[in-house]
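The next block holds one structure in the form of C-alpha cells; read it before the comments.
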Amino acid sequence: MSQTITISPVTRIEGHAKITIHLDDQGIVEDARFHVNEFRGFEKFCEGRLMSEMAGITSRICGICPTSHLITSAKAGDDILAIEIPETAEKLRRIITLAQWMQSHALSFFHLSSPDFLLGFDAEPGKRNIFGLLDQHKDFAKRGIRLRKFGQEIIEVLGGRKIHTPWAVAGGVREPFEASKKDYLLNWIPEAKETALLALSELKKIHSKFNKDIPNFGNFRSLFVGLVAKDGGLEYYDGLLRVMDAAGNTIADKIDPRRYREFFGEATEQWSYLKFPYYKPLGYPEGMYRVGPLARVNICDYIDTPLAEAERVMFKSLAGDRGVVNNSFYFHYARLIELLFSVEKIEMLLKDPAILGTHIRSKAEINRNEGVGASEAPRGTLFHHYWVNDDGVIQKVNLVIATAQNNLAMNRTVKQIAMRYVDGKKITEGILNRIEAGIRCYDPCLSCSTHAIGQMPLQVQLINSSNDIIDEIRR
Amino acid sequence: MRKALVIGYGNTLRSDDGVGVWIADHLADLHLPDVDVKTCHQLSPELAADFGPYDTVIIVDASADGEPISVRKNIPPPEHFPSSNHNVTPELLQQIANEMFAFQINLSVYTVRGETFEFGTTLSPNVKERATKTVDLIAAFFQQTHQKEMNTSFKLN
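Protein chains in written order, with my numbering: chain A, 307 to 781; chain B, 165 to 321.
Now the structure itself:
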C-alpha cells in the first residue's frame, strides 16, 4: 500500500507550509511536495485603491521584508509617472534596500539556520534553536541580533519609527536624510563588518562538518535568474534581468524588467496556493529557475566592494568547471557574501555627499496606465506590476514574489533529501530536520500577515493511499 | 524615574489582527510620562536589545481565542522552547533580553481576542470596544505606578 508522510507546518519558515512525502508500495520515496496553504489575496485586495496607497499596502505583505515591497511598489509608481527620480532619492532607496538585505540575511543565518549548523541536525529539537545557542555561542547569537538592530536603525532613520510608513513614494522619497544621523550610522560599520566576516568564517568551517549532507541539499541543474547592473555587477535595486543555465552560460541578458511576462510564466498546481513561475522558452516545469542569493552571486560578473568580491571569487571556485554553483546548500554562503556586501556598500553610500541632497522627489501626473517595478528582495527578484486608470486608481495588480520563483526548486530539494534519507519505515527527527533545513536554504517567506492565527506546532502525519491518517506526531 | 515601554504589534491590514497596534497608537496619543510606545508588524529578536532603559515592558497583541481581554503578568521564562518558530513570542523576547543582554524587565502581555482576520483596515465593533477598555486599563496601570513613585519620591525628600 502506498503511503504519504506529512510534515506540517514547517517550522522556522515565515508563513504556513507542510511537506508530504509520497511512498510507493515498497516504501520507497516516489515524490515529495512542499505545500503552501495560506492564500494571501493581496492582488485582489489592491484593486480599486489609489496608486499612491500601494507602497503602504504592499509593505504589509511581509513583516520581515516590508521595505522590499515598499521600494518595488514605489518603482512601479515611478514607471506609471514615467519619470526619473532624483539622484539623492535613488541613493537613499539603495541604502534602505541594503539595510533590508542585512536584516533579513542576518535573521536567516543567525537565527534560523545557524542552530542547525552549530548544534547539528541531530541535536534535540528543543535545543536546536537560537536559544539553544546561548550556552556555547552566546556572543555569536548576540551579534546576530545586533546586526539586525543596525539594519532596523537604518530603516528607522530613513523611514521613521512607525511601521510601514510609505517613505518611498512614486517619484522619490518623502523625507531627506538627516545629516546628523550619518556619523551615528557609520559608527555601527566596524562591528557589522566584523560580524559578517565572523559569520562567513564560521560557515566555512561548517562546510567540512556537513560534507556528507551537502551533496543532497538541492544539488541539481536549474536556471538562475536575477537583476545585474548594466556592467554585469551584483545588483540589488535596479538593473536588467539575466538568465544563466546550469553550466554557466548566459542564455538571456539585458532584459528590461518591464518585459518579465514575455520570459516568465506562472503555473499552478491543485495542491498549493503558491504559484510555480518558470522560464517560458523552456516551458513548465523544465523552465525551473532559482532566484535569490545563490542566483545573484552566480550570475553577476563581479561585486563592487572589495571584501565581498574576494569572497565571490572563492565561492565561484566551488563551481569548478561548471561555471555556476548548483547546490542549494550554498545559498547560505551566497547570503553571507551579500551580507558582507551590504555592510560595505552601506558604508560607501553613507560617505557619499549626494545622500544629503534636498531634492528628493520628482512630481508628475499619471503618464502611463501600466507600470512595473523590479528590485532584488533578500529572497530574490521581486516584481510589482500595476494597471491604473487615468485617475491613478488600481485596476489590476500582479505581484511576482521571490519565494514563488523558487517554488519548483524547493520542491525538487525536498524530493532529493527525502529520497536520500527516508527509508519508508520511519522518520527520525534528524530526517525531519534535514528536510526542513533543505527548505530553509531558500529562506522562504510564505506570508506572516496574520501572526495571531499562525502559530501551530510541528505536525507529522502518515497517510495511506486511501487518505486515512495512520500515524501522527506533534513536536 | 523608571521608564516603561509598550509594544503593540500585528497587521493593520488584517482587521482585528491590528488591535495591538491600535491600542499602542492610542496610548501614544495620551503622552503618558516616562512611557515609550512602539509598534511593529511582528516581534523580532532585536527588539530585546532596546529593553535596557526600561524596567517595565508591556506587549499588546491580538489573539484568535481565549478571553475577550486577558492580562498576563510576571511571566516566567518558557519551560520548553518551541522547535524555533520564526515568530518570536513575548516569552522568548523576555528570555533574549534576560539571557543575552542581562536586562531584567517586568513583562506583561495584554491580549485582545479578535473576531475577524480578513483583509480590512478597521476593527470589528466588539473588538474596538475591547481595545478601548484595554487602553484604559494600561493607562490606569501607568498612572497608579507613576503616583506610587511620586509618593515614594516625596517621602524620600
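All C-beta atoms, glycine included, are put in the ideal place defined by N, C-alpha and C.
Computed from a predicted structure; not experimentally measured.
Proximity below 7 Å, CB of residue i to CB of residue j
i: residue 232 of chain B; j: residue 294 of chain B; result: yes
i: residue 739 of chain A; j: residue 446 of chain A; result: no
i: residue 275 of chain A; j: residue 494 of chain A; result: Outside the shown range of chain A, which is 307 to 781, sits residue 275 of chain A, and nothing can be said about it.
i: residue 210 of chain B; j: residue 451 of chain A; result: yes
i: residue 570 of chain A; j: residue 747 of chain A; result: no
i: residue 614 of chain A; j: residue 647 of chain A; result: yes
i: residue 325 of chain A; j: residue 423 of chain A; result: no
i: residue 377 of chain A; j: residue 674 of chain A; result: no
i: residue 235 of chain B; j: residue 269 of chain B; result: no
i: residue 361 of chain A; j: residue 472 of chain A; result: yes
i: residue 690 of chain A; j: residue 379 of chain A; result: yes
i: residue 598 of chain A; j: residue 584 of chain A; result: no
i: residue 261 of chain B; j: residue 212 of chain B; result: yes
i: residue 649 of chain A; j: residue 498 of chain A; result: yes
i: residue 207 of chain B; j: residue 257 of chain B; result: yes
i: residue 676 of chain A; j: residue 693 of chain A; result: yes
i: residue 607 of chain A; j: residue 532 of chain A; result: no
i: residue 374 of chain A; j: residue 688 of chain A; result: yes
i: residue 227 of chain B; j: residue 296 of chain B; result: no
i: residue 645 of chain A; j: residue 411 of chain A; result: yes
i: residue 529 of chain A; j: residue 590 of chain A; result: no
i: residue 305 of chain B; j: residue 199 of chain B; result: no
i: residue 534 of chain A; j: residue 541 of chain A; result: yes
i: residue 719 of chain A; j: residue 686 of chain A; result: no
i: residue 166 of chain B; j: residue 214 of chain B; result: no
i: residue 449 of chain A; j: residue 501 of chain A; result: yes
i: residue 414 of chain A; j: residue 749 of chain A; result: yes
i: residue 680 of chain A; j: residue 587 of chain A; result: no
In DSSP terms, what residue i is bridged to
i: residue 532 of chain A; result: A/548
i: residue 702 of chain A; result: A/693
i: residue 338 of chain A; result: A/327
i: residue 597 of chain A; result: Paired residues: none, contrary to the question.
i: residue 272 of chain B; result: B/222 and B/237
i: residue 687 of chain A; result: A/682
i: residue 556 of chain A; result: A/550
i: residue 570 of chain A; result: A/585
i: residue 167 of chain B; result: B/218
i: residue 178 of chain B; result: B/284
i: residue 203 of chain B; result: B/172
i: residue 525 of chain A; result: A/633
i: residue 676 of chain A; result: A/693
i: residue 747 of chain A; result: Residue 747 of chain A is not bridged to any residue.
i: residue 561 of chain A; result: A/547
i: residue 656 of chain A; result: None; residue 656 of chain A has no bridge partner.
i: residue 359 of chain A; result: According to DSSP, residue 359 of chain A bridges with nothing at all.
Any chain C beta carbon closer than 7 Å to residue i
i: residue 287 of chain B; result: Going by chain labels, chain C is absent from the structure shown, which instead holds the protein chains A and B.
**OP:** Please list the residues of the segment 189-212 of chain B that have a C-beta atom closer than 8 Å to any C-beta atom in chain A, keeping them in chain order.
**Re:** 202, 203, 204, 205, 206, 208, 209, 210 and 212
Original post:
Are the segment 504-515 of chain A and the segment 568-581 of chain A touching, with three or more C-beta to C-beta distances below 8 Å?
Top reply: no
Original post:
For the segment 472-481 of chain A against the segment 393-408 of chain A, are there 3 or more C-beta pairs whose distance is under 8 Å?
Top reply: yes
Original post:
Would the segment 627-645 of chain A and the segment 653-668 of chain A be scored as touching if the rule is three or more Cβ pairs under 8 Å?
Top reply: no
Original post:
Between the segment 719-729 of chain A and the segment 699-711 of chain A, do three or more beta carbon pairs fall short of 8 Å?
Top reply: no
**OP:** Count the CB pairs spanning the segment 172-181 of chain B and the segment 274-291 of chain B that are closer than 8 Å, and state whether there are at least three.
**Re:** yes
Original post:
Hey, is the segment 689-699 of chain A in contact with the segment 519-533 of chain A, meaning 3+ C-beta pairs nearer than 8 Å?
Top reply: no
**OP:** Give the residues from the segment 354-374 of chain A that approach chain B closer than 7 Å (Cβ to any Cβ), ordered along the chain.
**Re:** 363, 366, 369 and 372
**OP:** Taking a Cβ distance cut-off of 8 Å, strictly less, list which residues of the segment 428-452 of chain A are near chain B, in chain order.
**Re:** 431, 432, 433, 434, 435, 436, 437, 438, 440, 444, 447, 448, 450, 451 and 452
Subject >> Positions along the segment 257-278 of chain B whose CB lies within less than 8 Å of some CB in chain A >> reply: For the segment 257-278 of chain B, which is checked against every Cβ of chain A, the residues closer than 8 Å are 259, 260, 263, 264, 265 and 278.
**OP:** May I have a chain-ordered list of the alpha helix (DSSP H) segments no shorter than 4 residues that lie completely inside the segment 409-444 of chain A?
**Re:** Complete alpha helix (DSSP H) runs here, min 4: 420-425.
Original post:
Between the segment 165-173 of chain B and the segment 327-336 of chain A, do three or more beta carbon pairs fall short of 8 Å?
Top reply: no
**OP:** Flag this pair as touching only if the segment 711-723 of chain A and the segment 381-395 of chain A have three or more C-beta atom pairs under 8 Å; answer yes or no.
**Re:** With the cut-off at 8 Å, the segment 711-723 of chain A and the segment 381-395 of chain A do not touch.
**OP:** Report the residue ranges of all alpha helix (DSSP H) runs contained in full by the segment 448-487 of chain A; include only those spanning at least 4 residues, in chain order.
**Re:** none
Original post:
Curious, which full-length beta strand (DSSP E) runs of at least 3 residues does the segment 588-635 of chain A contain?
Top reply: none
**OP:** Could you name each continuous alpha helix (DSSP H) segment of 4 residues or more that falls completely within the segment 362-400 of chain A, going from the start of the chain to the end?
**Re:** The segment 362-400 of chain A contains these whole alpha helix (DSSP H) runs: 372-387.
Subject >> Residues, ordered as in the chain, of the segment 700-722 of chain A that lie near chain B by beta-carbon distance below 8 Å >> reply: Against chain B - using a Cβ distance shorter than 8 Å - the segment 700-722 of chain A contributes no residues.
Original post:
Of all the residues that make up the segment 411-422 of chain A, which are near chain B by a beta-carbon distance shorter than 8 Å?
Top reply: 413, 417, 418 and 421
Original post:
Mind listing which residues of the segment 455-466 of chain A have their C-beta closer than 7 Å to chain B's C-betas, in chain order?
Top reply: Answer set for the segment 455-466 of chain A: 455 and 458.
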